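S.K.:
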Amino acid sequence: MKRAILTGRGIVIGAAITLNACRGDNVPTMKIDTAAVATNLPPGENYLAVPGGRIWYKVSGEGSGTPVILLHGGPGFTSVYMKSLEQLGADRKVIRYDQLGSGNSTKVSDTAMFNIPHFVAELEALRAHLGYDKVHLFGHSWGAILGLEYYRAHPEHVASLIEASPALDIPAWEKHARDLVKTLPDSMQRVIAKREAEGNFEAPDYQAALMEFYGKYVWQRPVQPELDSIFAGANQGIYNYMQGPSEFTITGTLKKYDATPYLKDVKVPTLFMVGELDEANPATVKRFAAMTPGSEFAVVPNAAHIFTWDNPKDANRLIMDFLRSTDSR
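Here it is, written out as C-alpha cells:
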C-alpha cells in the first residue's frame, strides 16, 4: 500500500450501498456477544465482538459528565488522529474506537459490510456494551455522516451532536473540491486531468498532485508524526468502494448522498465545526448550521480539515465548552 495513496484517499468521507441505506432507513439490529474479547491490551483498551470480526476501543477520562464517543473519518481511516481529543476526559469518559475494517479492528474486504446501516449498528452495539444510556457524538468528516445517521436511528441515546468538517452534501463537497483543484499549479491541474482520463490514480505525478492538495486543505505542514500509524491502519478498499480515488473525484456509493433534508428535524444541541482552511468549506458548513434549529457554528483558526492536528488547543476548547454547556442544560 503506497504512502501517498493512503494520504490521498484515507481522509474524509464515506457512504452507502443504496440511497435508502445511506440515509439510515431500515437499520438492522446487530446481534453480538456483549462480552468484550479478553485481551492483554493496556488499561482502558479492549475489543468487542461484532458481525464480521471485532472492533477495538479505548475508554479514557474521568468525571460524571455525559460520555462522548469519537467517530473517525474515512471511511476506512483510523481513530489515531483523534488522540488529542482524549483531553476532553477531564470531566467525562471519552471513547475512541476503530470502525470495523480499519485501525486495530478486524480487517475486512466484504463490501456487504461497507454501508451506513452496518456502521450505525456497530456504533449502537458499542454504546449498549458500554452501558451508556446517553452519549455525545463527535463525528469528523465521514464520521459526521455516521453521527447524524445514528441520531436518526437512535435519537433517544444522543445527548448532542458535534458535526466536525461534515460531509453531509456530497455533490456540494465534490463541486467545491474541484474548485480547490483550480488553485493548484497549472502543471498539477494538467496531471490530474490526464491521469483521471486514463484511470491511472497511482501514477507518481498524480500522487504528487494529491499531496499538494492535501498539504493545503486537509492538514497544515509539517505533517504530524502520527501519520505513519494512520498509513498502517487505514483500509484502502473501504475508501475506494465508498468514496472513490480521491477527495475531489467521487465515484463510490456515497456520490449522491445528501443529508440536508434531515437537518431541520434535529432536536438535540448541535455544534458544527470547520477548519479555517478546510476542504469541507466553511461557507458550506455554515449553511448546514443555518438549516439545523438552535445549532452553533464555529471556525477553528489556522487549521485545515484535520483541525485536531493543526490547532488542538482551540479545537478542544470549543468542544469542551459546548459539552459542558450541554450537560448543564
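All the letters of the sequence shown, read from the start, carry residue numbers 2 to 330 under the working numbering.
Note that the Cβ used here is the ideal one computed from N, Cα and C, for glycine as well.
Source: prediction; values computed, not measured.
Can you tell me the Cβ-Cβ gap for M292 and K265, rounded? I've got them flagged as a contact below 8 Å.
M.R.: Reading the sequence shown from its first residue, position 291 is the one you call residue 292. Reading the sequence shown from its first residue, position 264 is the one you call residue 265. So it is a contact: roughly 6 Å between Cβ atoms.
S.K.: For the segment 258–312, which segments carrying the beta strand (DSSP E) assignment without a break, of at least 3 residues, lie completely within its bounds, in sequence order?
M.R.: 271–276, 297–301
S.K.: Between A126 and V51, what straight-line distance do the alpha-carbon atoms span, to the nearest angstrom?
M.R.: Reading the sequence shown from its first residue, position 125 is the one you call residue 126. Reading the sequence shown from its first residue, position 50 is the one you call residue 51. Going by the C-alpha atoms only, they are around 8 Å apart.
S.K.: Which term fits K331, buried or exposed, when burial requires 16 or more other beta carbons within 10 angstroms of its beta carbon?
M.R.: With the chain covering only 2 through 330, there is no way to say anything about residue 331.
S.K.: For the beta strand (DSSP E) holding V159, just list the boundary residues, first then last.
M.R.: Position 158 of the sequence shown holds residue 159. Segment 159–165, the beta strand (DSSP E) holding V159.
S.K.: Within 10 angstroms of its Cβ, does D229 collect 16 or more other Cβ (buried), or is it exposed?
M.R.: For the purposes of this step, residue 229 is taken as residue 228 along the sequence shown, with counting starting at 1. Exposed, by the Cβ-count rule.
S.K.: So, is K195 buried or exposed, given that buried needs 16 or more other C-beta atoms within 10 angstroms?
M.R.: As a first step, residue 195 must be located in the sequence shown, where it is residue number 194. So K195 ends up on the exposed side.
S.K.: Exposed or buried, what is E1 when buried is set at 16 or more other beta-carbons lying within 10 Å of its beta-carbon?
M.R.: The structure shown has nothing for residue 1, since the chain only spans 2 to 330.
S.K.: Please state if the CB of Y218 and the CB of L278 are separated by a distance shorter than 8 Å.
M.R.: On the sequence shown, residue 278 is found 277 positions in, with the first residue counted as 1. On the sequence shown, residue 218 is found 217 positions in, with the first residue counted as 1. Yes, these two residues count as a Cβ contact at 8 Å.
S.K.: Roughly how many angstroms separate the alpha carbons of G148 and L131, rounded to a whole number?
M.R.: In the sequence shown, counting from the first residue as 1, residue 148 sits at position 147. In the sequence shown, counting from the first residue as 1, residue 131 sits at position 130. Roughly 17 Å separates the two Cα atoms.
S.K.: I need the DSSP call for D1, collapsed to helix, strand or coil.
M.R.: Only positions 2 to 330 of the chain appear in the structure, and residue 1 is not among them; the question remains open.
S.K.: What would DSSP say about R222, mapped onto helix, strand or coil?
M.R.: If you number the sequence shown from 1, residue 222 lands on position 221. It is coil, neither helix nor strand.
S.K.: Does the Cβ of P76 lie closer than 7 Å to at least one heavy atom of the ligand HEM?
M.R.: Of ligands this structure carries none, so the ligand HEM is not represented either.
S.K.: For R191, does the count of other Cβ atoms within 10 angstroms reach 16, so buried, or fall short, so exposed?
M.R.: For the purposes of this step, residue 191 is taken as residue 190 along the sequence shown, with counting starting at 1. With fewer than 16 other Cβ atoms inside 10 Å of its own Cβ, R191 counts as exposed.
S.K.: Using the C-alpha atoms, what's the distance from G200 back to D259?
M.R.: To locate residue 259, count along the sequence shown from 1; it is residue 258. To locate residue 200, count along the sequence shown from 1; it is residue 199. The straight-line gap from Cα to Cα measures roughly 26 Å.
S.K.: Which residues mark the beginning and the end of the beta strand (DSSP E) in which Y240 is found?
M.R.: What you label residue 240 is simply residue 239 of the sequence shown in a count that begins at 1. Per DSSP, Y240 belongs to no beta strand (DSSP E); it is in the alpha helix (DSSP H), 237–243.
S.K.: Here's a check: name, in chain order, each residue in its chain whose Cβ is nearer than 8 Å to the Cβ of L181, leaving out the five neighbours to either side.
M.R.: As a working note, residue 181 is residue 180 in the sequence shown. Here L181 has F214, K217, Y218, F249, E280 as same chain residues with Cβ atoms under 8 Å from its own Cβ, once five neighbours each way along the sequence are excluded.
S.K.: Can you list, in chain order, the residues of its chain whose CB lies under 8 Å from that of K3, leaving out five sequence neighbours each side?
M.R.: As a first step, residue 3 must be located in the sequence shown, where it is residue number 2. Confidence at K3 is low in this model, with a pLDDT of 34, below 50, so the placement of that residue is unreliable and no value is reported for it.
S.K.: Determine the direct distance from the alpha carbon of P68 to that of D134, and round the result to whole angstroms.
M.R.: If you number the sequence shown from 1, residue 134 lands on position 133. If you number the sequence shown from 1, residue 68 lands on position 67. Looking at the two C-alpha atoms, the distance is approximately 10 Å.
S.K.: From H158 to R128, what does the alpha carbon distance come to, in whole angstroms?
M.R.: Stepping through the sequence shown from its first residue, residue 158 is reached at position 157. Stepping through the sequence shown from its first residue, residue 128 is reached at position 127. In a straight line, the C-alpha of H158 is about 9 Å away from that of R128.
S.K.: Say whether the segment 79–86 touches the segment 98–114, bearing in mind that this needs 3 or more beta-carbon pairs closer than 8 Å, one atom from each stretch.
M.R.: yes
S.K.: On the CB-based measure, 16 or more other CB atoms within 10 Å of its CB, does S106 come out buried or exposed?
M.R.: The residue labelled residue 106 in the question sits at position 105 within the sequence shown. Answer is buried; the Cβ neighbour count reaches 16.
S.K.: Starting from the Cα of S65, find the closest Cα among S110, V136, V109 and give me that residue.
M.R.: Taking the sequence shown and counting its residues from 1, the one referred to as residue 65 is at position 64. Looking at the Cα atoms, V136 is the closest of the given residues.
S.K.: For S61, which beta-bridge partners are listed by DSSP?
M.R.: As a working mapping, residue 61 is identified with position 60 in the sequence shown. Partner(s): V95.
S.K.: Is D180 helix, strand or coil by DSSP?
M.R.: Translated into positions along the sequence shown, residue 180 becomes position 179. Helix.
S.K.: Considering only the alpha carbon of each residue, which of N282, A290, P283 lies closest to L272?
M.R.: Here residue 272 refers to the residue found at position 271 when the sequence shown is read from its first residue. When each option's Cα is compared against that of L272, the closest is A290.
S.K.: Taking the Cβ atom as the reference point for each residue, do F308 and A316 lie within a distance shorter than 8 Å?
M.R.: The count along the sequence shown starts at 1 and reaches residue 308 at position 307. The count along the sequence shown starts at 1 and reaches residue 316 at position 315. Their beta carbons are under 8 Å apart, which means F308 touches A316 by this criterion.
S.K.: Any idea what DSSP makes of V51, helix, strand or coil?
M.R.: The residue given as residue 51 occupies position 50 in the sequence shown. If DSSP states are grouped into helix, strand and coil, V51 belongs with the strands.
S.K.: On the DSSP letters alone, give me the boundaries of the alpha helix (DSSP H) that P359 sits inside.
M.R.: The requested residue 359 is not part of the displayed model; the chain covers only 2 to 330.
S.K.: If we ignore side chains and look at the alpha-carbon of each, how far apart do S171 and M189 end up?
M.R.: The residue labelled residue 171 in the question sits at position 170 within the sequence shown. The residue labelled residue 189 in the question sits at position 188 within the sequence shown. Checking the sequence, you will find Ile at residue 171 rather than Ser. For I171 and M189, the distance between alpha carbons rounds to 24 Å.
S.K.: Drop a sphere of 10 angstroms on the beta-carbon of P226, count the other beta-carbons inside from all chains shown, and report buried for 16 or more, exposed for fewer.
M.R.: Numbered from 1 along the sequence shown, position 225 holds the residue referred to as residue 226. Looking at its Cβ environment, which holds fewer than 16 other Cβ atoms inside 10 Å, P226 is exposed.
S.K.: Just to confirm before moving on: does the CB-CB distance between H306 and S85 stay below 8 Å?
M.R.: As a working mapping, residue 306 is identified with position 305 in the sequence shown. As a working mapping, residue 85 is identified with position 84 in the sequence shown. No, Cβ-Cβ distance for H306 and S85 is not below 8 Å.
S.K.: Excluding five sequence neighbours on each side, which residues of the same chain lie with their C-beta closer than 7 Å to the C-beta of P302?
M.R.: One-based indexing of the sequence shown puts residue 302 at position 301. Correct list, in chain order: E277, N312, D315.
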